[in-house]
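Asker: One structure coming up, written as structure tokens, with questions to follow.
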Amino acid sequence: MSAGDCGLFGPDSVTWRVHREPMVTVGGLRSLYLQALHPRAVAGVEQNSRYRQDPWGRLARTSTFVTTVIYGTTEEAEKAGLRVRRLHARMTAVDRRTGERFRIDDPELLRWVHVTEVESYLSAVQRGGLRLRPEEADEYYREQTRAAALVGLDPATVPDSVAAVDAYYERMRPQLELTVDSAATGIFLTMPPLPYGLGLTPVRGAAFSVSALAIGLLPPWARRLYGLPGLPTTDLVTSVNARVFGRLLRKVPIEWIESPARKRAFERLGLRN
733 MSAGDCGLFG PDSVTWRVHR EPMVTVGGLR SLYLQALHPR AVAGVEQNSR
783 YRQDPWGRLA RTSTFVTTVI YGTTEEAEKA GLRVRRLHAR MTAVDRRTGE
833 RFRIDDPELL RWVHVTEVES YLSAVQRGGL RLRPEEADEY YREQTRAAAL
883 VGLDPATVPD SVAAVDAYYE RMRPQLELTV DSAATGIFLT MPPLPYGLGL
933 TPVRGAAFSV SALAIGLLPP WARRLYGLPG LPTTDLVTSV NARVFGRLLR
983 KVPIEWIESP ARKRAFERLG LRN
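One rule links them: number in our numbering = place in the sequence shown (from 1) + 732.
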């Protein structure tokens, strides 16, 4: 391992700019609401995951994977991707609508999860105040095809621009619906159990506010699938709230919320925050 290995992206990448923003956390939550609208994607999670019993452990593992891919060395990122591919290769689930068994590593499902994640990260940080030129937003998607390859996708099949992502959503919308699994997942995401008795404290209200912001950041068509308002006024109010919340989060010292992977990357490359 080279001491100066920048990994898949590096400090000059748009990816590092996007993921420095604390609003990516809200984007991650937004992506889960989107993913749950794909009947097979949500069935795969429901039938193979213990997220209801250990939601915060699941969150920590997902966060570790994402930050390793972004900030880890090339070797660390590739090993993280290999672990995920091996895990998914052993998993199957049953489509409750048809009774058909399917593989979790079906490229269609992997692509849906990837696109909803990266689009949600980008949408959240931009509406939270990060200014990117159109070509920089496109570059972010192009960079993220490297992450898509790690989980087993052919980069050539992954949307790699704002226009391509928009077109992908248009193609996917007829396949999306609110199932029993997706409704249950949406409720769980909105009111998850909090550890250490925090559910009986003001933290519950703060957590609900973050969930409400993530829901508000959804595309109007996704909110309508959940039976929620898809009006332009909702987008306007959410954008104002996101900008205020993003500004508040940027006042938090990076050292307080910095991931271990990012800290190691800065030390490895001799960078300063």
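No residue lacks a Cβ here, since even glycine has one placed at the ideal position from N, Cα and C. Just so you know, these numbers come straight off a predicted model, no measurement behind them.
Can you list, in chain order, the residues of its chain whose CB lies under 6 Å from that of Arg817, leaving out five sequence neighbours each side?
Answerer: Only residues of its own chain outside the window of five on either side were considered, and among them Gly884 have a CB closer than 6 Å to the CB of Arg817, listed in chain order.
Asker: With 16 as the cutoff for other CB atoms within 10 Å, does Asp898 come out buried or exposed?
Answerer: exposed
Asker: Give the straight-line distance between the Cα atoms of Gly742 and Thr877, rounded to the nearest whole angstrom.
Answerer: 15 Å
Asker: Enumerate in chain order the residues of its own chain whose CB-to-CB distance from Tyr853 is below 8 Å, with the five nearest sequence positions on each side excluded.
Answerer: Excluding five sequence positions before and after Tyr853, the CB atoms of its chain that fall closer than 8 Å to its own CB belong to Val750, His751, Val756, Gly759, Gly760, Ser763, given in chain order.
Asker: Per DSSP, what kind of secondary structure is Phe940 in: helix, strand or coil?
Answerer: Phe940: helix per DSSP, three-state reduction.
Asker: Based on the DSSP secondary-structure assignment, which residues constitute the bridge partners of Ala825?
Answerer: Phe834
Asker: Less than 9 Å between the beta carbons of Arg828 and Val912, yes or no?
Answerer: Yes, Cβ-Cβ distance for Arg828 and Val912 is below 9 Å.
Asker: Pairs of beta-carbons, one from the segment 964–979 and one from the segment 849–868, closer than 8 Å: are there three or more?
Answerer: Under the Cβ criterion (8 Å, minimum of three pairs), the segment 964–979 counts as touching the segment 849–868.
Asker: Report the rounded CA-to-CA distance for Glu849 versus Leu957, giving the unit in angstroms.
Answerer: 19 Å
Asker: Which whole runs of the alpha helix (DSSP H) in the segment 835–860 are 4 residues long or more, in chain order?
Answerer: Within the segment 835–860, the complete alpha helix (DSSP H) runs of at least 4 residues fall at 839–859.
Asker: In or out: Gln767 buried (at least 16 other Cβ within 10 Å) or exposed?
Answerer: buried
Asker: Let me know if Arg815 comes out buried or exposed under the rule of 16 or more other beta-carbons within 10 Å of its beta-carbon.
Answerer: exposed
Asker: Just how far apart, CA to CA, sit Ala895 and Gln907?
Answerer: 20 Å
Asker: Is the segment 964–971 touching the segment 942–951 in the sense that three or more CB pairs, one from each, lie closer than 8 Å?
Answerer: yes
Asker: Kindly give me the distance between the Cβ atoms of Arg697 and Thr889, rounded to whole angstroms, as I take these residues to be in contact under 8 Å.
Answerer: No statement about residue 697 is possible, as the shown extent of the chain runs from 733 to 1005 and does not include it.
Asker: Span of the alpha helix (DSSP H) holding Asp898?
Answerer: 894–904
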